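Visitor: Using the working numbering, you'd call the opening residue of the sequence shown number 245 and step up by one each time. Glycine residues also receive a C-beta, built at the ideal position from the N, C-alpha and C atoms. Note that the structure is a prediction, hence the values are computed from the model and not measured.
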Amino acid sequence: MPKPFLRSNSFRKIKVRLPSGKTIVHYERKRNGVAHCAICHKPLRAVPTNQVNKYSRKEKRPERQYGGYLCHKCLEELIKLSMRGTS
Numbered sequence: 245m246p247k248p249f250l251r252s253n254s255f256r257k258i259k260v261r262l263p264s265g266k267t268i269v270h271y272e273r274k275r276n277g278v279a280h281c282a283i284c285h286k287p288l289r290a291v292p293t294n295q296v297n298k299y300s301r302k303e304k305r306p307e308r309q310y311g312g313y314l315c316h317k318c319l320e321e322l323i324k325l326s327m328r329g330t331s
């Protein structure tokens, strides 16, 4: 039976085969995925992926409109379309 804190879903389970042939389970923290742009789905560059709670608010995402949600190219196109007044 694992320790109570290892029973959480915040740990991923990795089966490891030992030299003796016995299989045991190692626990490690889950890795966070990379943030992606909502329009073109490319990975966002300025957004950190791991242990976001250790960063300040300014380090978590770029300080601009839709920062951490849209990439710079999609944001540029969005601003151009809104300024042209598409209807």
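(1) Grouping DSSP H, G and I as helix and E and B as strand, with all else coil, what is K274?
(2) Using a Cβ distance threshold of 8 Å, determine whether the region 261-272 contacts the region 291-309, with at least three qualifying pairs required.
(3) Output the distance between the C-alpha atoms of H280 and N253, rounded to the nearest integer angstrom.
(4) If we require 3 or more residues per run, which beta strand (DSSP E) segments fall completely within the region 256-324?
(5) Do you know offhand how far K317's Cα is from N276's?
(6) Let me confirm a value: C315 is counted as buried when at least 16 other C-beta atoms fall within 10 Å, else exposed. Which label applies?
Guide: Once the coordinates are examined:
(1) Within the sequence shown, residue 274 is the residue found at index 30, counting from 1. Coil, per DSSP.
(2) no
(3) Walking along the sequence shown from the start, residue 280 turns up at place 36. Walking along the sequence shown from the start, residue 253 turns up at place 9. Between H280 and N253, the C-alpha separation is close to 24 Å.
(4) 267-273
(5) The residue given as residue 317 occupies position 73 in the sequence shown. The residue given as residue 276 occupies position 32 in the sequence shown. Approximately 24 Å, taken between the alpha carbons.
(6) Taking the sequence shown and counting its residues from 1, one reaches residue 315 at position 71. It is buried - the Cβ of C315 has at least 16 other Cβ atoms within 10 Å.
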